[in-house]
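Have a look at the structure below before the remarks.
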Amino acid sequence: MERVEKLAEQIFEDYKDYGVDRKEIVEKLRKLLIEFRVPENEALRTIRNYIIREYGAPATIRREKITKIEEIKEPNKWVTVKAKAIQLWESSSPSIAQVGLIGDETGYIRFLVWTKAKKPPVEEGKSYIFRNVVVDDFGGVLRLNVTKISEIEEIDEDIKVKPPEDVSEEVEVVGALVAIQQNSGLIQRCGVEGCNRVIKMGKCPEHGKTKPNDDLRIKGVLDDGYRTYEVIINEEGVKALTDIDLEKAKKIAEETLDRNAVLIELKKMLLGKYLRVVGTATPRYLIARHVELFRPDIRKEIEKVRTLLEEV
């Protein structure tokens, strides 16, 4: 009976837009396969012909292959994905209309929509079918590209996504800090209890104008030679690297009459430096729990090279 249910589900998915009754399909298949012992292929053909005749469905149905996110393993592949829009981010380029994160029950993946594609905007929390999107590799991270020949179709389905804790992992990364982003340094957060969002242009995205709280952080890009990580370093980490804490950052801003002076100072001190970061890697960020300047033991490194040469 389990096989009957699976076959009936396949037929129902093909013809559900034509008003077919799933229970009717199950019952007819059960009679053909179990009572009359009709061969499976013949039974399926009989049911399809019945639906075409009684419901006016077309003789051929396009069945698209939906790729699960966990199945996306390599770039330069064209796929169709059914997923929910989890998070949207600000585009860093006028050539990119949207960038964000989508997910299904198997995992998460980044996506971007090129401006020239002229596609309708994706909204957070809604589910879509992304047809004919191409996978590429950006900084060692796979992502989906929506181009002119792609399609984005909103669907009336609440896709269950894999819990975030299932796709995060504890990692240790050693790499060069190659960029520090603008929303770093002495920043302001929304003062509404439980919000803590970063204030932009004097307003919280959720609560508008509020009494802000100062904070100190670094949002940067760490390159380990194989891939890049968007790293977030909190006040404690900034102090460990630079000896600048929140109070010292406020003092720098007061003395220069420029809050941006803190960011300038952090860039002078840290850009190009190698860091050892231990933290949690999520689909988008590496959130630092412990961070320090990386100072390699030259003798040990030389010994490693000697050992490798001897093995060769």
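Just so we're aligned: 539 in the working numbering is position 274 of the sequence shown, and the numbers increase by one with no gaps anywhere. In this text, a Cβ means the ideal position worked out from N, Cα and C, and glycines have one as well.
key: Pair within 8 Å by beta-carbon distance, Val496 and Leu551   = Counting from 1 along the sequence shown, the entry for residue 496 is found at position 231. Counting from 1 along the sequence shown, the entry for residue 551 is found at position 286. Yes; because the gap between Cβ atoms is below 8 Å, this pair is in contact.
message = Can you list, in chain order, the residues of its chain with a C-beta nearer than 6 Å to that of Asn499? Leave out the 5 residues immediately preceding and following it.
response = Translated into the one-based positions of the sequence shown, residue 499 becomes position 234. Closer than 6 Å at the Cβ level, and outside the excluded window around Asn499, lie Arg482.
Spatial neighbours of Ile452 in its chain, beta-carbon cut-off 7 Å, leaving aside the 5 residues before and after = Locating residue 452 in the sequence shown gives position 187, counting from the first residue. The answer, listed in chain order, is Val463, Asp480, Arg482.
key: CB of Gly459 within 8 Å of CB of Asn478, strictly   = Position 194 of the sequence shown, counted from the start, is the residue given in the question as residue 459. Position 213 of the sequence shown, counted from the start, is the residue given in the question as residue 478. Result no, Cβ atoms of Gly459 and Asn478 do not sit closer than 8 Å.
message = Residues in the same chain with beta-carbon distance under 7 Å from Pro385, minus the five sequence neighbours each way, listed in chain order, please.
response = The residue labelled residue 385 in the question sits at position 120 within the sequence shown. Within the same chain, Pro385 has close Cβ partners Ile417.
query = Taking all protein chains shown into account, do 16 or more other C-beta atoms lie within 10 angstroms of the C-beta of Ala213, making it buried, or fewer, making it exposed?
reply = There is simply no residue 213 to check, as the chain begins at 266 and stops at 577 in what is shown.
task = Buried or exposed for Ile445, please, with buried defined as at least 16 other CB atoms from any protein chain shown within 10 angstroms of its CB.
result = For the purposes of this step, residue 445 is taken as residue 180 along the sequence shown, with counting starting at 1. Burial call: buried.
request  = Compare the C-alpha of Thr332 against each of Trp343, Ala322, Ala324, Pro323 and name the closest.
outcome  = Here the question's residue 332 lines up with position 67 in the sequence shown. The shortest Cα separation from Thr332 among Trp343, Ala322, Ala324, Pro323 belongs to Trp343.
query = Looking at Ser392 and Lys349, is the spacing between their C-beta atoms short of 8 Å?
reply = In the sequence shown, counting from the first residue as 1, residue 349 sits at position 84. In the sequence shown, counting from the first residue as 1, residue 392 sits at position 127. A contact, by the Cβ cut-off of 8 Å.
query = chain B beta carbons: is any one of them nearer than 8 Å to that of Lys381?
reply = The structure shown has no chain B; it contains just one protein chain.
Lys349, enclosing beta strand (DSSP E) - first and last residue = On the sequence shown, residue 349 is found 84 positions in, with the first residue counted as 1. Start and end: 343 to 354.
ask   = Run through DSSP, which three-state label would Arg560 get?
value = Position 295 of the sequence shown, counted from the start, is the residue given in the question as residue 560. Here Arg560 sits in coil by DSSP.
query = What are the boundary residues of the beta strand (DSSP E) that includes Ala546?
reply = Sequence index remark: in the sequence shown, residue 546 carries index 281 (1-based). First-last of the beta strand (DSSP E) with Ala546: 539 to 546.
Pair within 8 Å by beta-carbon distance, Val346 and Ile334 = Counting from one through the sequence shown, the residue named residue 346 turns up at place 81. Counting from one through the sequence shown, the residue named residue 334 turns up at place 69. Going by C-beta atoms, Val346 is nearer than 8 Å to Ile334.
Sequence ranges, beta strand (DSSP E) only - wholly within the segment 366 to 446, length at least 3 = 372 to 379, 392 to 403, 406 to 411, 416 to 420, 434 to 445
ask   = If you follow the beta strand (DSSP E) that Gly485 is part of, which residue opens it and which one closes it?
value = Counting from one through the sequence shown, the residue named residue 485 turns up at place 220. Here the beta strand (DSSP E) through Gly485 covers 478 to 488.
task = Report the option in Pro359, Lys338, Arg375, Glu336 whose CA atom is closest to the CA atom of Gln352.
result = The residue labelled residue 352 in the question sits at position 87 within the sequence shown. For the residues Pro359, Lys338, Arg375, Glu336, the minimum Cα distance to Gln352 belongs to Arg375.
query = To the nearest angstrom, how far is it from the Cα of Arg268 to the Cα of Gly372?
reply = Along the sequence shown, read from residue 1 onward, the residue named residue 268 stands at position 3. Along the sequence shown, read from residue 1 onward, the residue named residue 372 stands at position 107. Approximately 28 Å between the Cα atoms of the pair.
Nearest residue (CA-CA) to Lys474, options Asn314, Arg454, Asp488, Ser356 = In the sequence shown, the residue the question calls residue 474 occupies position 209. If we check each option's Cα against that of Lys474, Arg454 comes out closest.
Cα-Cα separation between Thr545 and Met266, rounded to whole angstroms = Numbered from 1 along the sequence shown, position 280 holds the residue referred to as residue 545. Numbered from 1 along the sequence shown, position 1 holds the residue referred to as residue 266. If you take the alpha carbons of Thr545 and Met266, they lie about 46 Å apart.
ask   = Using the beta-carbon count (16 or more within 10 Å), is Tyr320 buried or exposed?
value = Here residue 320 corresponds to residue number 55 of the sequence shown, with the count starting at 1. That one is exposed.
query = Does the distance from the C-beta atom of Gly450 to that of Leu528 stay below 8 Å?
reply = Position 185 of the sequence shown holds residue 450. Position 263 of the sequence shown holds residue 528. Yes.
query = What does DSSP give as the partner residues of Glu495 in its beta bridges?
reply = Counting from 1 along the sequence shown, the entry for residue 495 is found at position 230. Beta-bridge pairing links Glu495 to Val486, Tyr550.
ask   = With a Cβ-Cβ cutoff of 8 Å, do Asp489 and Gly440 count as a contact?
value = As a first step, residue 489 is located in the sequence shown; it is residue number 224 there, counting from the start. As a first step, residue 440 is located in the sequence shown; it is residue number 175 there, counting from the start. Yes, they are a contact pair.
Residues that DSSP places opposite Leu231 in a beta bridge = Residue 231 is absent from the structure shown; the chain starts at 266 and stops at 577.
ask   = Can you name the residues that DSSP bridges to His555?
value = Here residue 555 refers to the residue found at position 290 when the sequence shown is read from its first residue. Looking at the DSSP assignment, His555 forms a beta bridge with Val543.
message = Please report the distance separating the alpha-carbon of Pro323 from that of Ala308.
response = Translated into the one-based positions of the sequence shown, residue 323 becomes position 58. Translated into the one-based positions of the sequence shown, residue 308 becomes position 43. In a straight line, the C-alpha of Pro323 is about 18 Å away from that of Ala308.
key: Nearest-angstrom Cα separation, counted from Arg313 out to Ile608   = Since the first and last residues shown for the chain are 266 and 577, residue 608 lies out of range.
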